[in-house]
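Visitor: Just dropping this structure here.
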Amino acid sequence: EIVMTQSPATLSVSPGERATLSCRASQTVRTNLAWYQQKPGQAPRLLIYKASTRATGIPARFSGSGSGTEFTLTISSLQFEDFAVYYCQHNNNWPWTFGQGTKVEIK
Amino acid sequence: QVQLVESGGGVVQPGGSLRLSCAASGFTFSSSGMHWARQAPGKGLEWVAFLQYDERNKFYADSVRGRFTISRDTSKNTLFLQMNSLRPEDTAVYYCVKDNPVLEVWGQGTLVTVSS
Chain P
38 EIVMTQSPAT LSVSPGERAT LSCRASQTVR TNLAWYQQKP GQAPRLLIYK
88 ASTRATGIPA RFSGSGSGTE FTLTISSLQF EDFAVYYCQH NNNWPWTFGQ
138 GTKVEIK
Chain L
2 QVQLVESGGG VVQPGGSLRL SCAASGFTFS SSGMHWARQA PGKGLEWVAF
52 LQYDERNKFY ADSVRGRFTI SRDTSKNTLF LQMNSLRPED TAVYYCVKDN
102 PVLEVWGQGT LVTVSS
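Note that the protein sequences, when read in sequence, are chains P and L. Residue numbers for the first sequence follow my numbering, beginning at 38 and rising by one. Residue numbers for the second sequence follow my numbering, beginning at 2 and rising by one.
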């Protein structure tokens with residue numbers, strides 16, 4: 038199975054600043070990569086699919102990039118509601134796997 | 002709007018069985034692939050199983066293959082997860098998820114605890 042590795046584990050950012058989250062796949066997943074946001078006590082929410090396509094209703098401050106094995110989620114100007122855990126996940130082949138998550142916390 | 006409501010979670014002894022249900026509404030269930038995913042307490046997300054819209058294909062995580070079975074009743078807009086030979090490491094919140102073509106919409110989850 039493909040192993041997804043996210044970095045850093047925790048990212049401390051001030052509101053209004055830019056956040057850059059990384060995700061690496063152990064083998065190519067082409068652009069079959071999605072990002073999810075999860076807040077405490079809530080179900081995950083789809084943010085990005087196909088590496089760079091925002092899901093319905095997702096603000097433009099969220100952007101995704103990358104292909105192959107290296108991917109990035111960028112939040113251009115962090116809002117208070119963006120502090121959460123973010124997961125990447127590939128859907129290139131079965132089984133689908135997730136990264137271990139990056140927690141974005143208030144600095 | 003799309004709504005997914007899981008039920009059937011609870012406490013079960015190791016080696017026991019449990020069947021989870023997911024009531025779907027707000028979309029054409031018969032045309033949609035569906036997934037189960039889970040999250041152990043304080044841990045990350047794990048994809049568990051997928052069922053194609055026409056049931057021609059099913060896929061499972063290695064950790065549950067041979068023990069869990071995903072199925073659906075299209076007439077009742079309901080997805081199921083039959084879990085047998087449960088282990089303590091299966092303890093998690095189980096989420097029902099609509100496919101399009103990734104994990105597009107998630108239910109709120111149901112907690113399964115495997116403990117003696």
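Beta carbons: idealized from backbone N, C-alpha and C, even for Gly. As the structure is a computational prediction, the values presented were derived from the model and not from experiment.
If you draw a straight line from the alpha carbon of V113/P to that of W48/L, how long is it in whole angstroms?
Guide: The sequence shown places Ser at residue 113/P, rather than the Val named in the question. Computed Cα separation, rounded: 29 angstroms.
Visitor: For K99/L, write down the residues that DSSP places opposite it in a beta bridge.
Guide: M35/L, V106/L
Visitor: Is the beta carbon of L115/P closer than 8 angstroms to that of G101/P?
Guide: no
Visitor: What does G138/P touch in chain L if you count any residue whose Cβ is under 8 angstroms from its own?
Guide: Those within 8 angstroms of G138/P in chain L are G45, L46.
Visitor: According to DSSP, is K59/L helix, strand or coil?
Guide: strand
Visitor: Output, in chain order, the set of chain P residues within a Cβ distance shorter than 7 angstroms of A25/L.
Guide: Going along chain P, no residue has its Cβ under 7 angstroms from A25/L, so there is no contact; the nearest lies around 15 angstroms.
Visitor: Return yes when the Cβ of Y96/L is within less than 8 angstroms of the Cβ of G1/L, no when it is not.
Guide: One cannot answer for residue 1/L here, as it falls past the ends of chain L, which runs 2 to 117.
Visitor: On the DSSP letters alone, give me the boundaries of the beta strand (DSSP E) that Q4/L sits inside.
Guide: 4–8 is the span of the beta strand (DSSP E), which, as asked, contains Q4/L.
Visitor: Helix, strand or coil for F117/P, going by three-state DSSP, please let me know.
Guide: Note: F117/P maps to helix in three-state DSSP.
Visitor: Would you list the one or two residues that DSSP bridges to I85/P?
Guide: W72/P, R91/P
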